[in-house]
Amino acid sequence: MSHQLIDQLNQYLHSKQRDFLLQGGYCHGLTLLWLHVMSQKHESWFYQTVESILSCKNDFSEIENDVEKFIAHIEWLQHSSHYEYAVNQLDVSELTGLNLDGSLSFLMRPAVIDLLIKCAVQENKYICLSSHDHSVGVVWRDGIIYLFDVNFSDLKPKAFRNNDDLKYALVKSLYRRDYLPDVKLPLHMNVLSCQPHTDNKVSEMYHYLIEGRDDLDAPGFERMTNLYLACERGDEKMVQDLLRRNVDPNKHVKTWMPLHVAAAHGHQSIVKALIKFGAITGAKTDHGLTPKDLAEAYHHDDVVKLLGCHGDHSAGIG
472 MSHQLIDQLN QYLHSKQRDF LLQGGYCHGL TLLWLHVMSQ KHESWFYQTV ESILSCKNDF
532 SEIENDVEKF IAHIEWLQHS SHYEYAVNQL DVSELTGLNL DGSLSFLMRP AVIDLLIKCA
592 VQENKYICLS SHDHSVGVVW RDGIIYLFDV NFSDLKPKAF RNNDDLKYAL VKSLYRRDYL
652 PDVKLPLHMN VLSCQPHTDN KVSEMYHYLI EGRDDLDAPG FERMTNLYLA CERGDEKMVQ
712 DLLRRNVDPN KHVKTWMPLH VAAAHGHQSI VKALIKFGAI TGAKTDHGLT PKDLAEAYHH
772 DDVVKLLGCH GDHSAGIG
């Protein structure tokens with residue numbers, strides 16, 4: 472962005488009693504507009520739109536009084552290909568050399584975040600991460616990681632020097648309480664992407680996402696529930712937490728229940744926990760297979776023995 476253009480914007484805002492160099496001056500909405508304008512060079516249209524925004528009653532929250540963050544934000548907007556809210560995931564693919572599928576569960580895995588940061592040791596690297604309704608921009612400048620929420624005007628840019636803090640902030644920033652059918656919820660993303668809960672930061676992240684929610688049974692991508700995903704990946708602590716929060720142990724994912732997937736993967740302690748909380752041991756898939764049948768098919772003898780003790784129904788394990 473040229474100094475002349477900065478001066479032009481500054482003069483324009485000053486004429487409206489606003490100055491981005493002063494507290495309460497530069498607003499998030501103008502940055503989003505700048506993206507569109509800088510990509511298409513329609514400066515006259517830009518100023519007309521600025522005029523309409525400044526004259527409307529929308530209450531845009533202000534970005535912090537930090538010129539370096541302002542410059543980093545503009546640089547990311549110019550290089551990210553994030554035009555009119557359409558996220559181009561190729562910038563991430565090019566940065567990592569990986570063919571990404573664009574799913575947040577993949578992008579948010581710690582190994583991928585680590586790789587992104589390792590690839591961004593040079594200055595002025597720009598990437599974009601997105602969920603179903605939310606996008607985040609990341610810029611590396613002068614040894615500092617800048618994180619920008621680019622969909623919502625109520626979040627300010629943040630600067631990080633620590634990789635773990637960035638991971639935590641990404642999850643918190645992408646966290647939304649609303650959800651759409653047939654998409655990955657941020658909580659589902661957390662189940663898929665986080666390490667088992669032995670790390671304090673991961674545990675803190677998990678509890679931030681789960682506290683106060685009343686939709687823990689909500690299905691996400693391919694109708695999978697949090698409990699189903701936790702059973703699949705063998706996260707006993709998360710399974711216990713979810714069961715204690717009264718999630719349904721018998722909720723179908725297509726025709727499989729959490730007990731089916733736990734038995735198929737040989738997670739004996741999880742199978743025991745599910746039975747204790749009322750999982751139906753005799754439930755059948757659309758192919759007529761019970762959890763015990765699946766455990767036998769995959770040669771999980773301990774799980775077969777455990778399920779055999781409870782027949783087709785369960786009164787729970789004491």
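Each residue of the sequence shown is one higher than the one before, starting from 472 at the first, in our numbering. All C-beta atoms in this analysis are idealised placements derived from N, C-alpha and C, irrespective of residue type, glycine included.
Run of the alpha helix (DSSP H) containing residue i, from where it starts to where it stops
i      : result
Gly779 : 772 to 779
Tyr699 : 697 to 704
Ile746 : 739 to 747
Pro762 : 762 to 768
Gln710 : Per the sequence presented here, residue 710 reads as Val, with Gln not at that position. Looking at the DSSP string, the run of the alpha helix (DSSP H) that includes Val710 is 707 to 715.
For residue i, the residue or residues it bridges with in DSSP
i      : result
Asp724 : Before going further, note that residue 724 is Val rather than Asp in the sequence given. According to DSSP, which records beta bridges pairwise, Val724 is partnered with Trp727.
Counted within 10 angstroms of its Cβ, other Cβ atoms place residue i as buried (16 or more) or exposed
i      : result
Asn697 : buried
Glu682 : exposed
Lys776 : exposed
Tyr699 : buried
Asp686 : exposed
His771 : buried
Asp757 : exposed
Leu493 : Per-residue confidence for Leu493 stands at a pLDDT of 39, beneath the threshold of 50, marking its modelled position as unreliable; the derived number appears in the next sentence. Under this definition Leu493 is an exposed residue.
Ala744 : buried
Val774 : buried
Gly782 : exposed
His731 : buried
Cys498 : For Cys498, the predicted structure reports a pLDDT of 41, less than 50, and the residue's modelled location is therefore unreliable. A value from the coordinates is still provided. Buried, because 16 or more other Cβ atoms sit within 10 Å of the Cβ of Cys498.
Lys528 : Any reading at Lys528 is ruled out, since the residue's pLDDT is 42, under 50, leaving its predicted position unreliable.
Beta-carbon proximity check, residue i vs residue j, cutoff 8 angstroms
i      : j      : result
Ala733 : Ile741 : yes
Thr761 : Gly749 : no
His738 : Cys702 : yes
Asp719 : Asp764 : no
Leu778 : Ala768 : no
Asn721 : Ile751 : yes
Lys725 : Arg704 : no
Check: residue i C-beta below 7 angstroms from any heavy atom of the ligand ATP
i      : result
Glu682 : This structure simply doesn't include the ligand ATP, nor any ligand for that matter.
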